[in-house]
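Asks:
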Amino acid sequence: MINKFLKISLFLTSFLFLTGFVPLPAVLGPAITVATSGNLVKATAQLVFDNELKKKTGKSSLNYITEEVSKNNKENRLNKDFKDLIEKRVKIVHQKLVDQNNEAKVIKDFKLLVEKRVKLTHNKLIQQKINQ
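Residue numbers are given in my numbering: position 45 of the sequence shown equals residue 1124, and the series is strictly consecutive.
1. Determine, using beta carbons only, whether residue 1138 and residue 1146 come nearer to each other than 9 Å.
2. How far does the alpha helix (DSSP H) with residue 1130 in it reach, from first residue to last?
3. Is the beta carbon of residue 1140 less than 9 Å from the beta carbon of residue 1128?
4. Have a look at residue 1170 and residue 1180 and give me their C-alpha separation to the nearest angstrom.
Shown next as structure tokens:
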């Protein structure tokens, strides 16, 4: 009797797994959930959710989530690259403006110094004329 039961079980098991009649990943996930948590409702909800997601997107839940995460990572990387580029450009422009302002200040200071020297020299020349 036990021998006959084992033969039938082996036959049914081989039929399920070797013919592709039941998609193994779709059944394996909920089976593991039932085995670990003992919650049949949770496993059923997971199976229904996976089937509905596959109908709507054509992808399994794991593939869909993986694709969305990688797409978000690419967008974040592009945004970060763009932000870095903008920051670099702003720093370059800021440095140029600072250099221009410093250059104008140096020219202004030099101009004031020259004007002061000219006044002093002019005053000395006038003083020498008066003394002669």
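Using N, Cα and C, we set each Cβ at its ideal position, and we do this for glycine too.
Replies: In brief:
1. Numbered from 1 along the sequence shown, position 59 holds the residue referred to as residue 1138. Numbered from 1 along the sequence shown, position 67 holds the residue referred to as residue 1146. Yes.
2. Within the sequence shown, the letter at position 51 stands for residue 1130. For residue 1130, the enclosing alpha helix (DSSP H) covers residues 1119-1136.
3. As a working note, residue 1140 is residue 61 in the sequence shown. As a working note, residue 1128 is residue 49 in the sequence shown. In this structure, residue 1128 lies closer than 9 Å to residue 1140 by Cβ.
4. Here residue 1170 refers to the residue found at position 91 of the sequence shown. Here residue 1180 refers to the residue found at position 101 of the sequence shown. Residue 1170 and residue 1180: Cα-Cα distance of roughly 15 Å.
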